[in-house]
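First residue of the first sequence? That's 536 in my numbering, and the numbers climb one at a time after it.
All C-beta atoms, glycine included, are put in the ideal place defined by N, C-alpha and C.
Working notes, structure below.
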Amino acid sequence: MSSIGFTVEKQVKHSLARAGVLHTPHGTISTPAFVAVATKADVKGISVQQFPALGIQTIIANTYHLYLSGQRAVEQAGGVGSFMGFSGPTMTDSGGFQVFSLGVGFGKKLSKFLPEEAAREEGVTVFDEDLATSHGKLAIIDEEGVSFTSHLDGSLHRFTPERSIEIQHALGADIIFAFDECTAPNADYAYQTEAMDRTHRWAKRSLAAHRRNLDQRQGLWGIVQGGRFADLRIQSAKELASMDFDGYGIGGSFSKHDILGILDMVNRELPPEKARHLLGIGEPEDLFIGVAAGIDTFDCVLPTRNGRTGGIYTTYGKIQIPNAQYATDTRPLDEGCACPVCTIHTRAYISHLFRTHELLGPVLASMHNVYFLTNLTQRIRQSILDGRFEEFRDSFLSTYMAR
RNA sequence: GCGUCGGUGGCAGAGUGGUCAAUUGCAUUUGGCUGUAAACCAAACGCCCUUGCGGCUACGGGGGUUCGAAUCCCUCCCGGCGCA
């Protein structure tokens, strides 16, 4: 068995919502928790020294990105955590998301939450496609695995479940993920079924590859797929639950309007004594939905991506800090926020930093945003422990969603 | 004073007889971003109008040639450079 353990501290009655503690070789994670995204072994713009003040308990790095650059240095350092100078728990994603973003998603602007009609439309070309293969994308899927063209230099690479696990062993995170196929939000039922079945076969192979390894300190999470189709999601959850994973991830795309129901159905099929991670989802309103449906941990690029591009989370919803109306606003980013940014700086200052393209603007904005989400999950956790999760949710959303 | 090159939208800078309200960059305004190909992307950006293959005024000022001028000619004003 791995060294990963999960303890449920409090289970909300008549609900899947719960507060717990996830134990790893590098310490514990109080859940529900927000996992900061550190794709290339850094939370973009944020120093590890800031982690405690920002409430960052754990990070998730990416197998594909570190494989393309940095793997040897990570191994030499003894793992992604020590490479970063971070002593806490770490995770690595398997590269399955890149199957999507460099595959059918390449050159297109596809959100995992686009309404179905919009999702079916031809995506908008966003980036230079010169690097693309003749297929117009960088990843080609077959039964055995995925052939990638590096987005960095066009070189050809191949990932299989075994290879992804091997690299993740080398990267040494506490929690690693099975290699899956993240499908496009507009994938039809037939393709979604095919991809899901393949993901299940890859899950078995990932698990076998992991168990063959002598180092069982790492925990392996299986990833539920099935897209926006409830029956596929349930089927996927059942199949993965029958495999001996140390925890579970839920990946892929959803329809915004029924994500709660789908997550709820999925999590009812997953073993309650194991932790559940919702991959890549993390707007504040989504966190409440996830927690209510039994999710323990979340990761999302939004706090750092929004932060870098001027989007700021506040109690009253998101704002665009570079906008003219904040240029002389002497309030903090979010009134009442206890983060290291809000206790010192004004909106006017940070708006100015963005307008003058100073590096510090995106840095401070990212810091605040990450704190906003880690703090929100900890407040959710406390509300569960106090037996007032629903009141807290309603109270928070009534102001956050008011705009 | 003579010669020469030039004066284009907030700025820089294309255009050099029609398809030019005028390429592009910056600035400005706004929107988007959900397991990061992203310190990014998109839209708007003379005035009027609800709209449009819409109307009006525009490329230093004035005048002219032409069916038609930011583009050619004359003149004036301003600037750079060279010579006195």
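Residues that residue i bridges to, as DSSP identifies them
i, result
"Thr487", "Nothing about residue 487 can be reported from this structure: the residues present for the chain run from 536 to 938 only."
"Ser565", "Val556"
"Val759", "Ile785"
"Tyr848", "Lys853"
"Met936", "Partner(s): none; Met936 has no beta bridge."
"Val570", "Asp834"
"Ala674", "Phe683"
"Phe712", "Trp756"
"Val634", "BP columns for Val634 are empty, so no partner."
"Val578", "Ile581"
Cβ-based neighbour list, residue i, same chain, cut-off 6 Å, excluding 5 preceding and 5 following
i, result
"Ala596", "Ala573, Ala576, Val615, Thr627"
"Thr839", "Lys579, Ser901"
"Gln611", "none"
"Arg746", "none"
"Tyr848", "Asn904, Phe907"
"Leu742", "Met778"
"Ser538", "Pro560, Arg752"
"Gly761", "Met731, Leu767, Arg768, Ser771"
"His735", "Glu774"
"Tyr861", "Arg882, Ser886"
Close-in-space but distant-in-sequence residues of the same chain around residue i (CB under 8 Å, 5 per side omitted)
i, result
"Asp920", "A small fix is needed here, since residue 920 is Leu in this sequence, not Asp. Glu544, Lys545, Ala554, listed in sequence order."
"Leu911", "Phe569, Pro819, Leu822, Phe931"
"Ala608", "Phe618"
"Leu895", "Leu888"
"Gly786", "Gly631, Phe632, Asp715, Cys717, Ile758, Val759, Gln760, Leu814, Gly815"
"Leu795", "Ile824, Ala827, Ala828"
Beta-carbon separation (whole angstroms), residue i vs residue j, contact threshold 8 Å
i, j, result
"Val759", "Ala772", "5 Å"
"Val826", "Ile915", "6 Å"
"Leu557", "Phe541", "5 Å"
"Arg740", "Glu774", "At roughly 14 Å, the Cβ-Cβ gap does not stay under 8 Å, so Arg740 and Glu774 are not in contact."
"Arg768", "Met800", "6 Å"
"Ala765", "Ile797", "6 Å"
"Ser617", "Pro720", "Incorrect: roughly 37 Å between the Cβ atoms, too far for contact."
"Arg733", "Glu804", "With 8 Å as the limit, Arg733 and Glu804 do not qualify as a contact, their Cβ atoms being about 20 Å apart."
"Gly630", "Phe694", "6 Å"
Where the beta strand (DSSP E) containing residue i begins and where it ends
i, result
"Gly540", "540 to 546"
"His812", "810 to 813"
"Ala596", "594 to 597"
"Met619", "That residue, Met619, is in no beta strand (DSSP E); its alpha helix (DSSP H) goes 615 to 619."
"Asp779", "Careful: Asp779 lies outside any beta strand (DSSP E) and carries neither H nor E."
"Asp628", "625 to 628"
Cut-off 7 Å between Cβ atoms - residues of its own chain near residue i, not counting five sequence neighbours on either side
i, result
"Val583", "Met619, Gly620, Phe621"
"Ala552", "Val826, Ala827, Gly829, Ile919, Phe924"
"Val876", "Leu868, Leu899, Met902, His903"
"Gly846", "Lys853, Gln855"
"Val836", "Val572"
"Glu657", "Since pLDDT at Glu657 reaches only 39, below the 50 mark, its modelled position is unreliable, and the value read off the structure follows with that caveat. Excluding sequence neighbours, Glu657 sits near nothing in its chain."
Continuous alpha helix (DSSP H) stretch holding residue i: start and end
i, result
"Gln585", "No alpha helix (DSSP H) contains Gln585, which DSSP labels as neither H nor E."
"Leu920", "895 to 920"
"Ala940", "Outside the displayed span of the chain (536 to 938) sits residue 940, for which this structure offers no information."
"Asp799", "794 to 804"
"Thr728", "724 to 747"
"Asp864", "No alpha helix (DSSP H) contains Asp864, which DSSP labels as neither H nor E."
"Pro696", "696 to 706"
"Pro819", "819 to 827"
"Ala883", "882 to 890"
Next on the checklist: For the structure I just gave you, are there three or more beta carbon pairs, one from the segment 775 to 791 and one from the segment 752 to 761, closer than 8 Å?
Outcome noted: With the cut-off at 8 Å, the segment 775 to 791 and the segment 752 to 761 touch.
Next on the checklist: Any contact between the segment 576 to 593 and the segment 858 to 870? By contact I mean 3 or more CB pairs, one from each, below 8 Å.
Outcome noted: These segments do not touch.
Checklist entry - Looking at C-beta atoms only, is the number of pairs between the segment 593 to 608 and the segment 693 to 712 that lie closer than 8 Å three or more? => result The segment 593 to 608 vs the segment 693 to 712: in contact.
Next on the checklist: Below 8 Å, how does it come out for the segment 867 to 887 and the segment 810 to 824: are there three or more Cβ pairs, yes or no?
Outcome noted: The segment 867 to 887 makes no contact with the segment 810 to 824: fewer than 3 CB pairs, one atom from each, lie closer than 8 Å.
Checklist entry - Any chance the segment 673 to 680 sits against the segment 633 to 641, with 3 or more Cβ pairs inside 8 Å? => result Taking a cut-off of 8 Å for Cβ pairs, the segment 673 to 680 and the segment 633 to 641 touch, as three or more such pairs fall below it.
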